[in-house]
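One line per chain: the protein sequences are A and B, in this order.
Mapping the first sequence onto our numbering, position 64 (from 1) lands on 64, and the numbers just tick up by one.
Mapping the second sequence onto our numbering, position 50 (from 1) lands on 198, and the numbers just tick up by one.
Built from N, CA and C at the ideal position, the CB exists for glycine as well.
If you're wondering where the values come from, they're calculated on a predicted model, not measured in any experiment.
Protein chains: 2
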Amino acid sequence: MSDDTPYAPSRIRALPSWLLGRAAARGHRLVADALATEGMRMMHHAVLSAVDELGPVSQAELGRTVGIDPKDMVALVNDLQKDGLVTRTPDPNDRRKNAVEISPAGKQRLRRTQQLGDQANAELTAALTPDERAQLITLLGKITAPER
Amino acid sequence: MSDDTPYAPSRIRALPSWLLGRAAARGHRLVADALATEGMRMMHHAVLSAVDELGPVSQAELGRTVGIDPKDMVALVNDLQKDGLVTRTPDPNDRRKNAVEISPAGKQRLRRTQQLGDQANAELTAALTPDERAQLITLLGKITAPER
DNA sequence: CCGTTTCATTGGGTTCCCCAACGATAACCA
DNA sequence: TGGTTATCGTTGGGGAACCCAATGAAACGG
Chain A
1 MSDDTPYAPS RIRALPSWLL GRAAARGHRL VADALATEGM RMMHHAVLSA
51 VDELGPVSQA ELGRTVGIDP KDMVALVNDL QKDGLVTRTP DPNDRRKNAV
101 EISPAGKQRL RRTQQLGDQA NAELTAALTP DERAQLITLL GKITAPER
Chain B
149 MSDDTPYAPS RIRALPSWLL GRAAARGHRL VADALATEGM RMMHHAVLSA
199 VDELGPVSQA ELGRTVGIDP KDMVALVNDL QKDGLVTRTP DPNDRRKNAV
249 EISPAGKQRL RRTQQLGDQA NAELTAALTP DERAQLITLL GKITAPER
């Protein structure tokens, strides 16, 4: 594009950080709206999905995996437990921990929310070819990688 | 990748919406931290930059350009005006509007914040080649485009 | 002239993020 | 063994970005 004109129209709109914010906002909106039909928020689904994958797991490890503040994790697991989607039992080996585990109802719910999430993501990337979508995922992976 | 195994390790982490959220969060953190050294937030810089490009402009149009809620725009312009970076004068042609204009101090501040923003974005995309960075920008543009 | 629209502003609300503290418990190590 | 250090769940406070609704004033359209 060779964009060395003195000032581009709306300079910030060409910055990765800005575009990322916009794209993320749209993605969040699409996914959140989809999940709302099941009465869940994005973080509910993320946690439920992580519990399903990790099996019985402590809240602290869940937080590290999904990247959620322990404070918010408490409320999230409260919600999921209240809806009977996960169980929270004291860990006999370490009485500080709660063993969070997905329930049959949770697995069922997860199946639906995963589908909703996939649909929303399909809509989000509707303007992209499969190749482009794969490229995007790769590039985003590199950006988020720093693996602190 | 043909990923039809029953359950992949952390399914959500492969979703564009999830990656976008993570990448955007990192970008926001980097830019916000950089701008904080000048006592500004991201939206301050965005508005200031837009005012600079558009010349005397109403708050409503600013909001439409940058994608900010009118409510928040009031507070933002208040801040910028309080710091003497923009002027807010009643528009003689349309007494409903405020003509927001950048001041010399605003231009000076903008020069620094633009540099800080560019630096932060360079760090954000440090793991990318120039080609990849251009690709990313193109792809993100397509995602945010729907142009509604 | 009158209904509709726009503008700036105020108000209310939600979600996600980050930091700090606490009691209880476990792990470490000298 | 005993004493420090670290972790876990929980509670607390706070900020930033986002969205919706309503107001009075002013402009616009037919």
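Practice item. Quick one: which residues of the stretch 166–196 of chain B get their C-beta closer than 9 Å to a C-beta of chain A? List them in chain order. Key: Trp166, Leu167, Leu168, Gly169, Arg170, Ala171, Ala172, Ala173, Arg174, Gly175, His176, Leu178, Val179, Met190, His193 and Ala194
Check your understanding: By the criterion of Cβ-Cβ separation under 9 Å, what are the contact partners of isoleucine 216 (chain B) in chain A?
Key -> Here the question's residue 216 (chain B) lines up with position 68 in the second sequence. Per Cβ cutoff of 9 Å: no residues; isoleucine 216 (chain B) is ~12 Å from chain A at best.
Exercise for review: For asparagine 98 (chain A), name the three-state secondary structure that DSSP assigns.
Suggested key: As a position in the first sequence, residue 98 (chain A) is number 98, starting the count at 1. Strand at asparagine 98 (chain A).
**Study point:** For valine 222 (chain B): DSSP bridge partner residues
**Key:** Indexing the second sequence from 1 puts residue 222 (chain B) at position 74. Per DSSP, none; premise fails for valine 222 (chain B).
Practice item. Identify whether arginine 159 (chain B) lies in helix, strand or coil by the three-state DSSP scheme. Key: What you label residue 159 (chain B) is simply residue 11 of the second sequence in a count that begins at 1. Coil, per DSSP.
Point to revise | Check whether aspartate 52 (chain A) and leucine 110 (chain A) have beta carbons under 8 Å apart | key: As a working note, residue 52 (chain A) is residue 52 in the first sequence. As a working note, residue 110 (chain A) is residue 110 in the first sequence. Against a cut-off of 8 Å, the Cβ pair of leucine 110 (chain A) and aspartate 52 (chain A) comes out as a contact.
Practice item. Output the distance between the C-alpha atoms of threonine 144 (chain A) and proline 16 (chain A), rounded to the nearest integer angstrom. Key: Locating residue 144 (chain A) in the first sequence gives position 144, counting from the first residue. Locating residue 16 (chain A) in the first sequence gives position 16, counting from the first residue. Rounded to whole angstroms, threonine 144 (chain A) to proline 16 (chain A) spans 13 Å at the Cα level.
Practice item. Report the rounded CA-to-CA distance for arginine 159 (chain B) versus serine 49 (chain A), giving the unit in angstroms. Key: As a position in the second sequence, residue 159 (chain B) is number 11, starting the count at 1. As a position in the first sequence, residue 49 (chain A) is number 49, starting the count at 1. Their backbone Cα atoms lie some 7 Å apart in a straight line.
**Study point:** CB contact check: arginine 281 (chain B) to chain A, cutoff 8 Å
**Key:** Position 133 of the second sequence holds residue 281 (chain B). Yes, arginine 281 (chain B) lies at the interface with chain A (some Cβ there is under 8 Å from its Cβ).
Review point. Between the beta-carbon of isoleucine 250 (chain B) and the beta-carbon of valine 234 (chain B), is there less than 8 Å?
Key: Position 102 of the second sequence, counted from the start, is the residue given in the question as residue 250 (chain B). Position 86 of the second sequence, counted from the start, is the residue given in the question as residue 234 (chain B). For isoleucine 250 (chain B) and valine 234 (chain B), yes; Cβs fall inside 8 Å.
Review point. Using 8 Å as the Cβ pair cut-off and three pairs as the minimum, do the stretch 16–35 of chain A and the stretch 277–287 of chain B touch?
Key: yes
Point to revise | Cβ of glycine 84 (chain A) within 8 Å of any chain B Cβ | key: In the first sequence, residue 84 (chain A) corresponds to position 84, counting from 1. It does not; no Cβ of chain B falls within 8 Å.
Point to revise | Residue burial classification, glutamine 222 (chain B) (beta-carbon count within 10 angstroms, cutoff 16) | key: Against the second sequence, residue 222 (chain B) aligns to sequence position 74. The amino acid at residue 222 (chain B) is misidentified as glutamine; the sequence shows valine. Under this definition valine 222 (chain B) is an exposed residue.
Exercise for review: Please check the pair glycine 175 (chain B) and glycine 21 (chain A), which I expect to be a contact at CB under 8 Å, by giving their CB distance rounded to whole angstroms.
Suggested key: Taking the first residue of the second sequence as position 1, residue 175 (chain B) is located at position 27. Taking the first residue of the first sequence as position 1, residue 21 (chain A) is located at position 21. Indeed they touch by this definition, with Cβ atoms about 7 Å apart.
Exercise for review: Specify whether the stretch 119–135 of chain A and the stretch 261–271 of chain B touch according to this definition: at least 3 beta carbon pairs, one from each stretch, less than 8 Å apart.
Suggested key: no
Check your understanding: Where does the unbroken alpha helix (DSSP H) through valine 86 (chain A) begin, and where does it stop?
Key -> As a position in the first sequence, residue 86 (chain A) is number 86, starting the count at 1. Per DSSP, valine 86 (chain A) is not a residue of any alpha helix (DSSP H); the beta strand (DSSP E) it occupies stretches across 86–90.
**Study point:** Proximal residues of chain A, C-beta to C-beta of glutamine 262 (chain B) below 8 Å
**Key:** What you label residue 262 (chain B) is simply residue 114 of the second sequence in a count that begins at 1. Listed along chain A are Arg11, each with a C-beta nearer than 8 Å to that of glutamine 262 (chain B).
Point to revise | is_contact[aspartate 3 (chain A), chain B] using C-beta, thresh 8 Å | key: To locate residue 3 (chain A), count along the first sequence from 1; it is residue 3. With a pLDDT of 34 at aspartate 3 (chain A), under the threshold of 50, the predicted position of this residue should be treated as unreliable, though the coordinate-derived value follows. No, aspartate 3 (chain A) lies away from the interface with chain B (no Cβ there is under 8 Å from its Cβ).
Practice item. List the residues that DSSP assigns as beta-bridge partners of valine 57 (chain A). Key: On the first sequence, position 57 is the one that residue 57 (chain A) refers to. Paired residues: A:Val100.
Review point. According to the neighbour-count rule (16 or more other Cβ atoms, all chains shown, within 10 Å of its Cβ), is alanine 172 (chain B) buried or exposed?
Key: Locating residue 172 (chain B) in the second sequence gives position 24, counting from the first residue. The residue is buried, with at least 16 neighbouring Cβ atoms inside 10 Å.
Practice item. Starting from aspartate 279 (chain B), follow the alpha helix (DSSP H) in both directions and report where the run begins and ends. Key: Along the second sequence, read from residue 1 onward, the residue named residue 279 (chain B) stands at position 131. Its alpha helix (DSSP H) spans residues 278–292.
Exercise for review: Starting from glycine 289 (chain B), find everything on chain A with Cβ-Cβ shorter than 8 Å and list it in chain order.
Suggested key: The residue you call residue 289 (chain B) lines up with position 141 of the second sequence. Within chain A, the residues Leu19 have their CB atoms less than 8 Å from the CB of glycine 289 (chain B), given in chain order.
**Study point:** Own chain partners of arginine 132 (chain B) with C-beta closer than 7 Å, once the 5 adjacent residues on each side are dropped
**Key:** One cannot answer for residue 132 (chain B) here, as it falls past the ends of chain B, which runs 149 to 296.
Check your understanding: Would you report the Cα separation of aspartate 239 (chain B) and leucine 210 (chain B), rounded to the nearest angstrom?
Key -> Within the second sequence, numbered from 1, the residue matching residue 239 (chain B) stands at position 91. Within the second sequence, numbered from 1, the residue matching residue 210 (chain B) stands at position 62. Near 15 Å, if we compare the C-alpha coordinates of leucine 210 (chain B) and aspartate 239 (chain B).
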